[in-house]
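Residue numbers (my numbering): 3 to 377.
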């Protein structure tokens, strides 16, 4: 481990109570395909001009009647996942979702004043529509939204320009103004300051912080050196706090975050190609040692999202043990989906917090490769 990674003084780098033991069940690709088919069938059956909110996603003002339409918690993300699976011949869809996406553009926004956002706004809906039914008028509107987001002060992937940079790059649009502005906003310590939710904050993870910005730029020469300075190491394992220069357990609930949005799994899953291999492996080993997350199977803060760190390390190192570990997490995540469905009597129909992200992860484990659905 590089000598300037900070040692940690606690006995663990994760909160054991936030994790659970892997189930004792072997990987079977046929079972994984069946789990994907079950998730997709349940999702299509539940469609009713979108998908109702799951109780685990409720915040103030939400109810079962709430039907978000955007990517992170809404129907556009569900449709993106469904077509990703159908395009790889894992499933055959029973419904054409293009009319739904078109209606979503005419509906009141999920989040007012967030139309430029990739995950929470109009830009994300239009990106999915462009994949399914490309048109010049839709592309032109996307170009407007991406250009308008070029100097978004939030400097993070969910709402800000890093997300729309990824979308623009996929579409072949010129995102040079966004790239130039984001580079210029980098702080002296190598991070970015997020003007987010009424606060000025520096985050490290991919959803809101440094990792998402670095991914969008794609050409930073000092990614590994920067992250080494904020890593916390013990016995060859590494984790990162949500905020730089704070204790791992410095959150209000005292729990150490070891998930995609905050912690080693997201750093490794997002930036493994840019990290020193020893540092990336140390983050992956920590993710494996911690085990599946009790929160559930999802991508943002669940077992499937953590498992993508292993697929990233498979690509980075060529070591097949990472595929075995990814598949072990996939078996566990599939069981978590079934357990949640039995508890609630329904599926969780979102991409980033629900069952569709797990289905995408299962498919990538079958194919022995894959990246998180960013964007």
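C-beta: ideal position from N, C-alpha, C; glycine also. Keep in mind that this is a model prediction, so the values were computed, not measured.
Taking residue i as the reference, give the member of the options with the closest Cα.
i, options, result
"residue 153", "132, 130, 188 and 126", "188"
"residue 123", "98, 159 and 137", "159"
"residue 81", "61, 102 and 62", "102"
"residue 295", "130, 71, 233 and 355", "355"
"residue 331", "348, 318 and 286", "286"
"residue 20", "223, 265 and 178", "265"
"residue 206", "272, 176 and 366", "272"
"residue 57", "365, 345 and 366", "345"
"residue 305", "86, 178 and 336", "336"
"residue 77", "222, 126 and 39", "126"
"residue 279", "194, 249, 319 and 32", "319"
"residue 352", "182, 68 and 162", "68"
"residue 293", "329, 138, 182 and 230", "329"
"residue 376", "369, 363, 142 and 111", "363"
"residue 234", "357, 281 and 204", "281"
"residue 181", "301, 151, 253 and 73", "151"
"residue 327", "136, 341 and 309", "309"
"residue 134", "274, 204 and 79", "79"
"residue 179", "155, 149 and 156", "149"
"residue 190", "204, 198 and 274", "204"
Since residue i contacts residue j with CB under 8 angstroms, what's their CB separation in whole angstroms?
i, j, result
"residue 100", "residue 361", "Incorrect: roughly 21 angstroms between the Cβ atoms, too far for contact."
"residue 46", "residue 96", "5 angstroms"
"residue 164", "residue 184", "7 angstroms"
"residue 240", "residue 288", "6 angstroms"
"residue 193", "residue 246", "6 angstroms"
"residue 38", "residue 107", "That pair is no contact at about 29 angstroms."
"residue 59", "residue 75", "6 angstroms"
"residue 261", "residue 307", "6 angstroms"
"residue 365", "residue 156", "Not really, about 31 angstroms apart at Cβ, beyond 8 angstroms."
Along the alpha helix (DSSP H) that carries residue i, what are the first and last residues, could you check?
i, result
"residue 236", "No alpha helix (DSSP H) holds residue 236; the beta strand (DSSP E) holding it covers 234-236."
"residue 157", "Premise fails: residue 157 is in no alpha helix (DSSP H) and is neither H nor E."
"residue 334", "323-346"
"residue 146", "138-150"
"residue 28", "No alpha helix (DSSP H) holds residue 28; DSSP gives it neither H nor E."
"residue 56", "It is not in any alpha helix (DSSP H) - residue 56 carries neither H nor E in the DSSP assignment."
"residue 349", "Taken as a continuous stretch (DSSP letters only), residue 349 belongs to no alpha helix (DSSP H), as it is neither H nor E."
"residue 215", "212-219"
"residue 185", "178-186"
Along the chain, where does the beta strand (DSSP E) that runs through residue i open and close?
i, result
"residue 201", "201-203"
"residue 2", "Not covered by the structure: residue 2. The range shown for the chain is 3 to 377."
"residue 198", "196-198"
"residue 241", "239-241"
Do residue i and residue j have their C-beta atoms within less than 9 angstroms of each other?
i, j, result
"residue 216", "residue 312", "no"
"residue 350", "residue 339", "yes"
"residue 120", "residue 145", "no"
"residue 49", "residue 112", "no"
"residue 14", "residue 368", "no"
"residue 359", "residue 169", "no"
"residue 2", "residue 167", "Because the chain spans 3 through 377 in this model, residue 2 falls outside it and cannot be assessed."
"residue 162", "residue 138", "no"
"residue 104", "residue 131", "yes"
"residue 172", "residue 129", "yes"
"residue 342", "residue 298", "yes"
With which residues is residue i paired in a DSSP beta bridge?
i, result
"residue 21", "295"
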